[in-house]
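As structure tokens, the structure follows; a few thoughts come after it.
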Amino acid sequence: MSTPFSPLGRALDLITRVRGVRGAMVVSRADGLVVAEQLMEGIKGGAVAALASSLAGRLQRAMVSAGLGPSQFWHLQCDHGALLVVPAGEGLLLVAVTEADVNVGLVRLELLRAAETGA
Amino acid sequence: MSDDVKALSAELAGDPQSLVFLRLGELLRQKRQFDAASRVAIHGLERHPHLADAHDLLARILADAHDYERAFDEWDMTLRIAPQHIGALKGLAFLYFKIGDLTQAESHLQAAQDIAPDDPTIEQAFAVIRGEAGTTLASPPSPPAPRPVPPALALEPETPPARERPSGAVTPLPDERIFAGFEGAQEGLLLLDLAGLVLGGALKMPDGTDVTDTVAAYLAGVSQEAARAARLLDLGVWRGLSAEGQGGHVYLAQPTPESLLLLMRDRSLPLGRLGLLAQRAAQVARQWLERQR
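These protein sequence lines map, in sequence, to chains A and B.
According to my numbering, the first sequence holds residues 1154 to 1272 in order.
According to my numbering, the second sequence holds residues 10 to 302 in order.
As structure tokens, this is what we get:
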């Protein structure tokens, strides 16, 4: 879907290099479709993309309504891992799926950096 | 038994904690099966004793069954929980009208109209009172003697299904009921059920605007989606959902499988600390919810 030489591929590559990251995706915010992905086998990218997009939309609307402005980072913490999301340009979301013992701060930085560089 | 009643009964049997009892009770009330409707409402209230809509439902059933004294008590309780509950205000106006206390009837209608100025049924109800009093609203009240009810009674308790009402129909409980002692319990802490109805707390924007109901409505379904995402990814149970905004942070936690807690703070509070505070608030909420069972 993307190569390591495309901008999207490079961005995902940087994110998935962080230890404990099981995969990363670029997702269309409007329709929840996968634009690019680097996922470990077994991860249901399409379904997760749809849910991440929907969840992000709800949170976004709630936060804007609460006067907090657009969200810059979401973190779903679970018993055995996490889902991390940052908005990227042109209606995209960058999504990372991680193990439980990942350095969340580092993944966040990589996601934000990738988003800034136009993933 | 109609198909609708069967379907709703089956849905309720499958998930006794569900708020579907509101729709089932209302449907039975509309079919004038008051005993069955009353049982549904009472069972619902046993599980959701602080749900204003449930008290309102029971009040409407009782009013239809001409048990006005108990209906009064239920609407009174509804207003204690949700002081701006339009159904309860109109219901009490109806009861006061029934006993001829037009001053109180007007007062409750006025309160309802202040909250819902565009509700045409309130104006109709005012017209009935004006006709009954034979004078203007500003006139002195008639003696509070019982009098016959006019046939076209616009003051009948309103009957929309509870789910059609905005989430604003359920206003927050006082914070001392749930989050006593928690900083920001009245402007940055919210407890919801899974349908996005407010169980406690409140949210305010920095300028003081109350955004409780709007935010609550947007958060309906978040918990289920988070759980689904966690399941799809084999991540186990979700424990928290944090979000960084330009003007502040929010943290969502799940005190129980049927509830959602939101903690909101400005950016001066680090996200990690916000999570700790939210988990503590969730513990308080969990204890409160368990006490309600």
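Heads up, the beta-carbon is just placed ideally off N, CA and C, and yes, glycines get one too.
- DSSP links A/V1201 through a beta bridge to no other residue.
- Between A/F1226 and A/L1165, the CB-CB gap reaches or exceeds 9 Å.
- When CB distances to chain A are screened at a threshold of 9 Å, the residues of the stretch 245-262 of chain B falling below it are G245, V246, W247, R248, G249, L250, S251, A252, E253, G254, Q255, G256, G257, H258, V259 and L261, in chain order.
- Rounded to the nearest angstrom, the gap between the Cα atoms of B/G256 and B/R274 is 9 Å.
- For B/Q301, the CB contacts under 6 Å within the same chain, skipping 5 residues up- and downstream, are P58 in chain order.
- For a Cβ distance threshold of 7 Å, residue set L1204, S1207 and L1208 of chain A lies close to B/E234, ordered along the chain.
- Given a length threshold of 4 residues, each whole run of the alpha helix (DSSP H) inside the stretch 49-119 of chain B is given here in chain order: 61-73, 77-90 and 95-107.
- Ranking B/T87, B/D127 and B/F81 by CA distance to the CA of B/K107 puts B/F81 first.
- Cβ contact annotation for A/V1239 (same chain, cutoff 6 Å, sequence separation greater than five): F1226, L1247, L1264, L1265 and A1268, in chain order.
- Around the Cβ of B/L285, a 10 Å sphere holds fewer than 16 other Cβ atoms; the residue is exposed.
- Residue range V29 to Q39 is occupied by the alpha helix (DSSP H) that includes B/E35.
- Annotation: the continuous beta strand (DSSP E) that includes A/T1251 extends over L1245 to E1252.
- B/P215 belongs to the set of residues whose beta carbon lies under 9 Å from a beta carbon in chain A.
- Taking the Cα positions, B/A236 is about 7 Å away from B/V246.
- Our two residues, B/V293 and B/D110, have alpha carbons roughly 43 Å apart in a direct line.
- In terms of beta-carbon proximity, A/I1196 lines the interface with chain B, with at least one pair separated by less than 9 Å.
- Counting the other Cβ atoms within 10 Å of the Cβ of B/Q133 gives fewer than 16, which makes it exposed.
- The beta-carbon of B/V207 is placed no less than 9 Å from the nearest beta-carbon of chain A.
- Here A/M1193 is exposed, its C-beta having fewer than 16 other C-beta atoms within 10 Å.
- Contact annotation: the stretch 256-270 of chain B touches the stretch 224-242 of chain B, with at least three C-beta pairs closer than 8 Å.
- Chain-order list of chain A residues neighbouring B/G230: R1211, by C-beta distance under 7 Å.
- With a threshold of 16 other beta carbon atoms within 10 Å, A/L1245 meets it and is buried.
- Counting C-beta atoms within 10 angstroms of its own C-beta, A/G1176 has 16 or more neighbours from the protein chains shown and is therefore classed as buried.
- At least one CB atom of chain B sits nearer than 9 Å to the CB of A/D1232.
- Straight-line spacing of the CA atoms in B/G205 and B/G230 works out to 7 Å.
- If you look at A/R1266, you'll find it in the alpha helix (DSSP H) that goes V1257 to E1269.
- Residue pairing by DSSP places A/W1227 opposite A/V1238 and B/A252 in a beta bridge.
- Annotation: the continuous alpha helix (DSSP H) that includes B/G281 extends over L280 to Q301.
- Straight-line measurement puts the Cα of B/E267 at about 29 Å from the Cα of B/F43.
- Exclusion of the five residues before and after A/V1217 leaves P1223 as the residues of its chain whose Cβ lies within less than 7 Å of its Cβ.
- When only Cα atoms are considered, A/H1228 and B/L101 end up about 47 Å apart.
- When secondary structure is reduced to three states using DSSP, B/G140 falls in the helix class.
- For a Cβ distance threshold of 9 Å, nothing in chain A lies close to B/T265: the least Cβ distance comes to about 17 Å.
- Nearest to A/I1168 by alpha-carbon distance, out of A/V1180, A/D1184, A/L1186 and A/Q1191, is A/Q1191.
- The Cβ-Cβ distance between B/L66 and B/E35 falls below 9 Å.
- Contact annotation: in the stretch 1173-1197 of chain A, residues whose CB is within less than 7 Å of a CB in chain B are I1196 and K1197.
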